[in-house]
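To convert, note that position 203 of the sequence shown is 202 in numbering that gives the first Met the number 0; the numbers rise steadily by one, no gaps.
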Amino acid sequence: MFPNNAHQIRKWKKDYFICLIMGVKKLSGIKPQWFSLVLGTLSISLALYVLSLAFSISFLFALGEYVFIAVLAIFWIIFVLWIYRYVSSPSYLRSDLSNPETVSFTALLGVLFYAGAFFYITYFAPGETQVEIILYIYFFMYIFIMALNVLLNYMVYSGKVRIENVNYAFLIPSIVMGGGIILTSVLIPSSYFSGDMALLTSIYTTTLLGFGIFVFQFIFYGTAAFFSFMMGRKDPASMPTTMLPLGAVSMIVINLMLIPTFNSLKIFYFPESFAETISLALWGVEIIYFLVGSAVLFSGIRKRVFLSAWAFVFPVGISIFSDFLLWDYLRYFFIKIFIFAISILLLIYYIYALSETMGMIFSRRSSGN
């Protein structure tokens, strides 16, 4: 209904500018949690990429490329605003480094790089110089994510984290630690570094170390978060993290399915049949976690969770990729159908998370951006 007199017009303009100013103010103080929006949007590109390969639809591949370009733009906007927050108020850096949940979401930078570099190589086929730069950034990012994992563990062991404050967001640095294989799987089998065995061994070793750290930390933090939820003292904003175990199990499957591609290096040998068997067994765990996370979403959809809603989205994207790898090995038709169904739900969850984010930006209340 449009305003029909001067008083209503003035009131409408006032409300509009108040909402706009509130939105700009919130965006100027962006926290690492905003990277989940980027990862959620990247999941759409991932789903289009997977569907294009599984169903042989070239149009979806091209559409996924355009979405990826949009993701790059969104990332740099958020990244610059995030850095600006620390430059304008250096005290925020100390505050964020002492907050375990903020530290956890900062680790999303790692998986954004791994997945982003994977798609950059896939969509644009860069030259050797560009790939070498990507490799150097990989090693830097690996050390960065390792440092965040050490920091999070230090906060836990130094008594700065209470069990009732633990949720599945604590899994993020661990998941990212195991996410390096998304990138290294396209670097090692290629001819980019075929003549440098020491470099290839370093890439492979860091991949395996990351996988080992990830698996055991998933067991520890996953158990602690599950126990914390059983204590029944969780605020609505933490409920979307119940989808994160799906991302963790999916990342285990991704590692199991991709590690055998490194067998050509003849450093270690990982049997493909073992990887397929364990991955199919874990696929059942993925389904359970997906159904549980979806049930939590639909049962609490009336509650405003704002930016936390993206935790419902990006784990589903990780699951789609792991499902595709499993289908690519086994070629079971029901896995292919599941990929299609979960991709549709990913889009629905994405729209929901986007609406929550827009509601947060333009609401007059503070929402803990």
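Every residue, glycine too, gets a C-beta built ideally from N, C-alpha and C.
Residue i: buried (16+ other C-beta within 10 angstroms of its C-beta) or exposed?
| i | result |
| --- | --- |
| R84 | buried |
| M196 | exposed |
| M250 | buried |
| V23 | Only weak support is given to the placement of V23: the predicted model assigns it a pLDDT of 47, under 50, and the question is left unresolved by the model. |
| Y348 | buried |
| S342 | buried |
| S272 | exposed |
| F67 | buried |
| I20 | Confidence is the limiting factor: at I20 the pLDDT is only 43, short of 50, which leaves the residue's position unreliable, though a coordinate-based value still follows. Classification of I20: exposed, given that the 10 Å Cβ count is below 16. |
| E127 | exposed |
| G158 | exposed |
| P89 | exposed |
| F104 | buried |
| E355 | buried |
| Y156 | exposed |
| P270 | exposed |
| Y135 | exposed |
| A274 | buried |
| A72 | exposed |
| A224 | buried |
| N139 | It should be noted that the sequence gives Phe, not Asn, for residue 139. So F139 counts as exposed. |
| S227 | buried |
| S366 | Note that S366 has pLDDT 42, beneath the 50 cutoff, so the model's placement of it is unreliable and the number below is only indicative. The residue in question, S366, is buried, as its Cβ has 16 or more Cβ neighbours within 10 Å. |
My guess is that residue i and residue j are in contact by the Cβ rule of under 8 Å, so how many angstroms apart are they, rounded?
| i | j | result |
| --- | --- | --- |
| M230 | F305 | The Cβ separation is near 24 Å, so there is no contact. |
| D327 | I338 | About 10 Å separates the two Cβ atoms, so there is no contact after all. |
| V213 | M176 | Here the sequence assigns Phe to residue 213, which means Val is not the residue at that position. Correct: roughly 5 Å between the Cβ atoms. |
| A114 | I187 | At roughly 17 Å, the Cβ-Cβ gap does not stay under 8 Å, so A114 and I187 are not in contact. |
| K265 | A53 | Not a contact, Cβ separation roughly 31 Å. |
| S307 | L257 | Actually they are not in contact, since the Cβ atoms of S307 and L257 sit about 30 Å apart, beyond 8 Å. |
| V160 | P99 | 5 Å |
| G221 | L170 | 6 Å |
On the DSSP letters alone, give me the boundaries of the alpha helix (DSSP H) that residue i sits inside.
| i | result |
| --- | --- |
| D322 | 313-329 |
| K335 | 332-360 |
| N152 | 127-156 |
| L255 | 243-257 |
| I95 | This sequence places Asp at residue 95; Ile is not what is there. It spans 90-96 - the alpha helix (DSSP H) in which D95 sits, taken as one unbroken run. |
| W282 | 271-298 |
| R84 | 57-87 |
| Q216 | 196-229 |
| E163 | Segment: none, E163 is in no alpha helix (DSSP H) and carries neither H nor E. |
| S105 | Looking at the sequence provided, one finds Thr at residue 105 rather than Ser. 99-105 is the extent of the alpha helix (DSSP H) around T105. |
| P235 | No alpha helix (DSSP H) contains P235, which DSSP labels as neither H nor E. |
| Y48 | 34-53 |
| T183 | 180-186 |
Looking at residue j and residue i, is the spacing between their C-beta atoms short of 8 Å?
| i | j | result |
| --- | --- | --- |
| P31 | W75 | no |
| P314 | G209 | no |
| G178 | V130 | no |
| V102 | L151 | yes |
| V79 | L41 | no |
| L147 | P172 | yes |
| N166 | S237 | yes |
| Y141 | T205 | yes |
| P235 | G299 | yes |
| F320 | L45 | yes |
| G39 | V312 | yes |
| T260 | A168 | no |
| L92 | F34 | no |
Chain C beta carbons: is any one of them nearer than 8 Å to that of residue i?
| i | result |
| --- | --- |
| A310 | Given the protein chain composition of this structure (a single chain), no chain C is represented. |
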